[in-house]
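A.B. asks:
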Amino acid sequence: MAGDINAREMVFGLLGGLALFIYGMNLMADGLQKTAGERMRRILEVLTGNPIMGVIVGAFVTMLVQSSSATTVMVIGFVSSGLMTLTQAIGVILGANIGTTFTAQLIAFKIGSYAYVIAAIGFIFYFFFKKRMLKYIGQSVFAFGLLFMGLNLMGDVMKPLANSPAFADLMLELGKHPVLGILVGTVITMIIQGSGPTIAVLQNLASQPMPDGVHALISLETAIPILFGSNIGTTITAVLASIGARINAKRAALAHSLFNIFGTLVFVWLIPLFAKFIRLISPKGLECEVISRQIANAHTFFNVLNTIIWLPFIWLLAKAVTFLVRGEDDIIEKRVLYLDYKVLR
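In terms of our numbering, the sequence shown has 115 at position 115, counting the first letter as 1, and numbering is strictly consecutive.
Written out as structure tokens, the structure is:
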């Protein structure tokens, strides 16, 4: 019975912590968008057809909104309205994959012990200052604190897993069969509609020390396939957003999916080599202390290297999705007809 109670508490604590994390993430994104929304709009309006510029803008905007899904949904809207061409959209989507790794890098700093102080500072700015910009900044800071409170809660309830032989066996199986890890990452991310929370849970879970106090609960080799899967799962949001949209918007959504799927198909064969590279460039120390940063770096370098590989072939990817999604190209007046600017506020 005690085991059942512990399991129930663990599940509820994990769900509660995840809810707090996702709410904090969304609230922070809302505050950041309100702070920089007008600038973001101008940046997107002057976007040129240069793919490199598209990647930079995609990464920058995603760092602001804290979600590659949000950026790709915006891109779908821009393509559907004629504000952006398919080739431009693909460049921005590649950049969005890089920008979304910023959250994992923040989490790896392990500033959870300051979560309450951060939230208190944000609360003061939001509730006691009248200036709108300061209130938005306060909202973002308060949400940042909530985000780490959620991580702290998840970390606390997952500690007993370090002593669970069943969980250790499960992680061992995932390490032996990367395809299972990819499927786990894909399904979880599709359910919660974002790679950020999936990676955050993975970092938090992996950071729990084994009974020896040295090894991490999840090894880097086991975490990498789950990470790959999360990159595939996050594309479902763009696919859903493209339903009922114009033909080029559907092609942009498919390009996002193909980009992440092909990247996974390439890197899945190189997991031992990739893990060795990540350990080489990451801080040294006890595995349980550095695994969070290693996962963040793996997330970043997977997307950066995948983008570098694809950047010269954006035109080819555009041709591929045009072939796969048949139909007449949209003929749209050279003005924005259907863009909902609420998405940029």
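In this text, a Cβ means the ideal position worked out from N, Cα and C, and glycines have one as well.
Just so it is clear, the structure is predicted and the values come from calculations on it, not from any experiment.
1) Under three-state DSSP, which class holds A245?
2) Compute the Euclidean distance between the alpha carbons of A216 and F277, then round it to the nearest angstrom.
3) Go ahead and label V55 buried or exposed: buried means 16 or more other beta carbons lie within 10 angstroms of its beta carbon, across all protein chains shown.
4) Can you check DSSP and say which residues form a bridge with P209?
5) Any idea what DSSP makes of G54, helix, strand or coil?
6) Have a look at I314 and S242 and give me their C-alpha separation to the nearest angstrom.
7) Please report the distance separating the alpha-carbon of G82 from that of F142.
8) In whole angstroms, give me the CA-to-CA distance for F267 and F274.
9) How should G263 be labelled, buried or exposed, when 16 other C-beta atoms within 10 angstroms of its C-beta is the threshold for buried?
10) Using a C-beta cutoff of 9 Å, does G194 count as contacting chain D?
11) Output needed for A120: all residues of its chain with C-beta closer than 6 Å, excluding positions within five of it in sequence on either side, in chain order.
12) Whole angstroms are fine: how far does the CA of L324 sit from the CA of G112?
13) Going by the beta-carbon positions, is the gap between N97 and F259 smaller than 9 Å?
14) Using the Cβ count rule (16 or more neighbours within 10 Å means buried), how would you classify L15?
15) Using 8 Å as the threshold, is the region 144–151 in touch with the region 103–117, meaning 3 or more CB pairs across them?
16) Apart from the five residues on each side of it in sequence, which residues of its chain come closer than 6 Å, Cβ to Cβ, to S140?
C.D. replies: Judging by the given coordinates:
1) Residue state, collapsed to three classes: coil.
2) Going from the Cα of A216 to the Cα of F277 covers about 18 Å.
3) By the 10 Å Cβ count, V55 comes out buried.
4) Among the bridge pairs identified by DSSP, P209 is matched with A216.
5) Of the three classes helix, strand and coil, the one that applies to G54 here is helix, per DSSP.
6) Taking the straight line from one Cα to the other gives about 20 Å.
7) Computed Cα separation, rounded: 37 Å.
8) Looking at the two C-alpha atoms, the distance is approximately 8 Å.
9) Residue burial annotation: G263 is buried, with at least 16 other C-beta atoms found within 10 angstroms of its C-beta.
10) Of the protein chains in the structure, only one exists, and it is not chain D.
11) Cβ-Cβ distances below 6 Å link A120 to nothing in the same chain once the five nearest sequence neighbours on each side are left out.
12) G112 and L324: Cα-Cα distance of roughly 46 Å.
13) The criterion of a C-beta distance shorter than 9 Å is satisfied by N97 and F259.
14) With fewer than 16 other Cβ atoms within 10 Å, it is exposed.
15) At 8 Å Cβ cutoff, the stretches touch.
16) Excluding positions up to five away in sequence, the list reads M28, G31, L32.
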